[in-house]
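Position in the sequence shown (first residue = 1) + 62 = the working numbering. A quick write-up on the structure given underneath.
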Amino acid sequence: MLFSDWHSYDHYGLAFVAFFGTLAAVFLIQWVMVRSRWAGWMQSLQGVAPPFMNALGVLFGLVLAFLANDTWSAHDRAMSAVYREADGLRSIGALAATLPEPLGSELRAAAAGYARASAAEWTEL
């Protein structure tokens with residue numbers, strides 16, 4: 063997959079933002095609490111943050127769960143479309159077997175051409 067094609071897959075972008083956004087937030091909070099000029103004031107707030115950290119963890123978990131669900135759903139839709147195409151091609155092949163020879167071979171050749179075009183198009187999606 064080319065890097066320029068990633069814009070069509072928003073799941074990768076959302077996963078990137080979720081992971082690196084969380085990582086950046088952790089480093090920012092760590093810097094503010096330990097190395098910034100507000101470190102002394104931040105350390106005086108002991109006991110305030112734990113309930114809020116639980117809420118952030120739950121929200122992060124929900125975002126990841128919804129992202130995984132959306133990705134799984136898109137995968138299921140794609141697999142369903144592939145199975146429908148394959149079933150249609152099998153039906154055309156069965157129909158071509160019952161036709162007289164010049165028509166049957168033409169139908170099989172047309173179905174094979176369609177299958178090749180579909181397979182070539184798959185890389186462009």
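For glycine and all other residues, C-beta sits at the position ideal for the given N, C-alpha and C.
Contact under 8 Å by Cβ, residue i with residue j
i, j, result
"MET95", "ALA86", "no"
"THR84", "PHE114", "no"
"ALA177", "LEU151", "yes"
Own chain, CB closer than 6 Å to residue i, minus 5 neighbours either side, in chain order
i, result
"ARG170", "ALA158"
Cβ neighbours of residue i in the same chain (closer than 8 Å, five flanking residues each side left out)
i, result
"LEU161", "LEU169"
"ALA80", "PHE122, VAL125, LEU126, LEU129"
"HIS73", "LEU129, ASP132, THR133, ALA136"
"GLU186", "none"
"TRP103", "none"
Distance between residue j and residue i (C-alpha atoms, nearest Å)
i, j, result
"SER106", "PRO112", "14 Å"
"LEU126", "GLU183", "31 Å"
"LEU124", "GLY75", "17 Å"
"GLY166", "GLY175", "14 Å"
"ALA117", "VAL88", "15 Å"
"TYR109", "PHE78", "According to the sequence provided, residue 109 is Gly. The question's Tyr does not apply to it. Cα to Cα, GLY109 sits roughly 32 Å from PHE78."
"THR133", "ASP149", "24 Å"
"HIS137", "PHE82", "24 Å"
"ARG99", "TRP93", "10 Å"
Close-in-space but distant-in-sequence residues of the same chain around residue i (CB under 7 Å, 5 per side omitted)
i, result
"GLY222", "Shown here, the chain extends from 63 to 187; a query on residue 222 therefore has no answer."
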